[in-house]
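Heads up, the thing below is written out as structure tokens.
Residue numbers (our numbering): 60 to 164.
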């Protein structure tokens with residue numbers, strides 16, 4: 060009786076890998092970096108009109124956390140969903156996909 064083992068119980072590392080949900084990711088353009096550690100990312104998507112089937116562009120702005128301040132206005136960035144950091148900010152910067160061209164002085 061003392062030598063019984065539970066079969067099929069995953070250890071802690073396997074359990075955490077399977078229960079982590081897939082994070083939502085979006086790619087957009089940085090339109091503002093005026094706030095401290097926060098960027099505004101505009102994500103453009105194409106949708107068909109429900110009746111006329113004409114392709115239209117829809118834009119939405121997301122506030123994202125940029126800890127290091129590496130993103131600049133005009134950069135194309137990837138943001139990932141995270142826990143709420145403030146009232147409107149629940150995204151964080153994952154990577155800068157494409158740097159914007161800058162005029163050199």
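Even glycine gets a Cβ: it sits at the ideal position worked out from N, Cα and C.
For residue 85, the secondary structure class from DSSP, reduced to helix, strand or coil, is strand.
Where residue 124 is concerned, the enclosing beta strand (DSSP E) starts and stops at 114-124. Counting of Cβ neighbours within 10 angstroms places residue 103 among the exposed residues, the total staying below 16. When secondary structure is reduced to three states using DSSP, residue 146 falls in the coil class, being assigned neither helix nor strand. Distance from the Cα of residue 161 is smallest, within the candidate group 134, 143, 141, for 134.
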